[in-house]
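Student: FYI, the numbering for the sequence shown is -18 to -1, 1 to 351, going by mature numbering (1 follows the signal peptide of the UniProt record, and there is no 0).
Below is one structure. I have some questions about it.
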Amino acid sequence: MKRFFLFLLFLFPVLSYGQITTDTYLQQTIQKTLDNIYSYDFAEADLYMKQLRARYPNHPIGPILQATKLQWQYMPLKDNPVYAGQFTQSCNQALASAQKMLEKDSDDPEGVFFALTAHSYLALKLYNEGETMKAVNEAKKAYGYMRQGFRLMEKNPEFYFTTGLYNYYVERFPMDHPIVKPVMLFFQDGDTALGLRQMDVASKRAIFTRIETCFYLSHIYLEHESQFAKAAVYAKQLAEKHPQNALFVIRYTESLILAGRYDEAAQWLDRLKGLHHKFVPMPVKVLEAMLFEKEERKDAEAAALYQAALKMPYYDNYTKEYYAFANAGLARIAARASDRSKARAFYKKALDYAEYKSTIREAKGFIKE
């Protein structure tokens, strides 16, 4: 059952603010706040949140946006216990406000949405901290609100994203984790192709979920579908709109390299080197190594960078795949040097970290030869 609820966590971290209000001022201020959060302009985001708290003091939007800001500003939260505590406090404040809405109307869309968001945020935080059972308990609570949301949120274009994400992952997750297949019988069937189409609509028509949609689509096309050119289309929207967001620039640079667009990738890699975040240095070395290996055919330089990257820490949710990239790169270099034993050893290490289907296929294909 744990894996069943961990599947739900794929669907939770979606800030679908579009459904919560028809208040134009509130919509615009939420959008400005989110834009500043994604652009790492947290001081400006604070100013907009101050306006929201003054105008809507009892609304859960204030603490939810505060939690979102803390999540991005102090990523990863588990390494920042003081701010992790503030994050939990903000989620609990949002829950308290949402519950007051639901006491008046158990089907209040705003109340349902904010209760869902707060519980899902808490579930993800607990899961990332290794508190699996506590995360499962929060996920159970969130899923109850998610079920309510299916019938409350059908007519808003923002939900092309959430519906598409569900349709995709309800089919994809059991493919990757066969152990959950018996449990998945209790879920409504999905359709991966339909899910991708629905999310593509959201990436064009949605207002509040556009960034989240592009982020998920770029991830899906990189990890699961191995369609790197398509991943680059969505990652480009993220990086060009928010060039100060290291995570978005990493994603776009990676997409360009895997798509074989090396000149563009080199330009974005230079930009990435100018960004300062604790998880940037290791991916920079791996991405630079990939350019040396794939474009310039300089195996010695690439190998040195791959080895240097493997001596640096990775962050599970953000850069773990780069350990797989580095080991796979060293495996290819060893294979070209006719050292199949070393290549096989590096590919086995790559499989310890790899989640991308393309990397897994490459490694397993070589090992079986």
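Note that the Cβ used here is the ideal one computed from N, Cα and C, for glycine as well.
Report the rounded CA-to-CA distance for Y109 versus I43, giving the unit in angstroms.
Tutor: 24 angstroms
Student: Starting from E26 and walking both ways along the alpha helix (DSSP H), at which residues does that stretch end?
Tutor: 24 to 37
Student: Looking at the structure shown, is Y300 part of a helix, part of a strand, or coil, going by DSSP?
Tutor: coil
Student: Can you check which of these residues, T235, E194, R187, G172, is closest to F210 by C-alpha distance?
Tutor: T235
Student: Who are the near neighbours of Y300 in its chain, counting only those whose CB is closer than 6 angstroms to its CB and skipping five residues on each side?
Tutor: F261
Student: Considering just the uninterrupted stretch of the alpha helix (DSSP H) at R243, what are its terminal residues?
Tutor: Neither: R243 is in no alpha helix (DSSP H) and is coded neither H nor E.
Student: Between A49 and S79, is the Cβ-Cβ spacing less than 8 angstroms?
Tutor: no
Student: Can you tell me whether DSSP reads residue 381 as helix, strand or coil?
Tutor: Any answer about residue 381 is impossible in this case: the structure gives the chain only from -18 up to 351.
Student: So, does the region 89 to 101 touch the region 60 to 69, judging by three or more C-beta pairs under 8 angstroms?
Tutor: Because the criterion of three Cβ pairs below 8 angstroms is not met, the region 89 to 101 and the region 60 to 69 do not touch.
Student: Alpha carbon to alpha carbon, how far is D182 from S237?
Tutor: 17 angstroms
Student: Determine the closest residue to F95 out of A105, I349, Y127, with distance taken between C-alpha atoms.
Tutor: Y127
Student: Does the separation of the CB atoms of S208 and K339 fall below 8 angstroms?
Tutor: yes
Student: Thinking H206 and R154 are a contact (beta carbons under 8 angstroms), I'd like their distance in whole angstroms, please.
Tutor: 6 angstroms
Student: With DSSP collapsed to three states, give me the class of N309.
Tutor: helix
Student: Please classify D158 as buried or exposed, where buried requires at least 16 other C-beta atoms within 10 Å of its C-beta.
Tutor: exposed
Student: Looking at the secondary structure, which residues open and close the alpha helix (DSSP H) in which N18 lies?
Tutor: 6 to 20
Student: With a floor of 4 residues, list each alpha helix (DSSP H) that falls wholly inside the region 219 to 294, ordered by position along the chain.
Tutor: 228 to 240, 244 to 255, 263 to 276, 281 to 292
Student: Identify whether N74 lies in helix, strand or coil by the three-state DSSP scheme.
Tutor: N74 falls in the helix class under three-state DSSP.
Student: Got a sec, what are the start and stop residues for the alpha helix (DSSP H) K330 sits in?
Tutor: 322 to 335
Student: Using beta-carbon positions only, say whether A310 and Y329 come within less than 8 angstroms of one another.
Tutor: yes
Student: Would I46 pass as a contact of A66 if the rule is Cβ separation under 8 angstroms?
Tutor: no
Student: Over what stretch of residues does the alpha helix (DSSP H) that includes H206 continue unbroken?
Tutor: Premise fails: H206 is in no alpha helix (DSSP H) and is neither H nor E.
Student: Look at F143 and T195 and say whether their C-beta atoms are less than 8 angstroms apart.
Tutor: yes
Student: Measure the alpha-carbon distance for E270 versus R253 and round it to whole angstroms.
Tutor: 12 angstroms
Student: Would a C-beta distance cut-off of 8 angstroms place L273 and A247 closer than the cut-off?
Tutor: yes
Student: Output yes or no for whether 8 angstroms exceeds the beta carbon distance between E120 and L98.
Tutor: no
Student: Let me know the secondary structure DSSP gives Y56 once reduced to three states.
Tutor: coil
Student: Grab me the residues of A213's own chain with a C-beta within less than 6 angstroms of its C-beta, minus the 5 sequence neighbours each way, in chain order.
Tutor: The answer, listed in chain order, is S200, Y203, L204, S237.
Student: Should A228 and H259 be called a contact, given that it needs their Cβ atoms to be closer than 8 angstroms?
Tutor: yes
Student: Restricting to Cα atoms, I'd like to know which of L167, L251, L147, Y244 is closest to Q226.
Tutor: L251
Student: Below 8 angstroms on the Cβ atoms is my contact criterion, and I expect N149 with G172 to pass it. Report the Cβ-Cβ distance as a whole number of Å.
Tutor: Contact holds; Cβ gap of about 4 angstroms.
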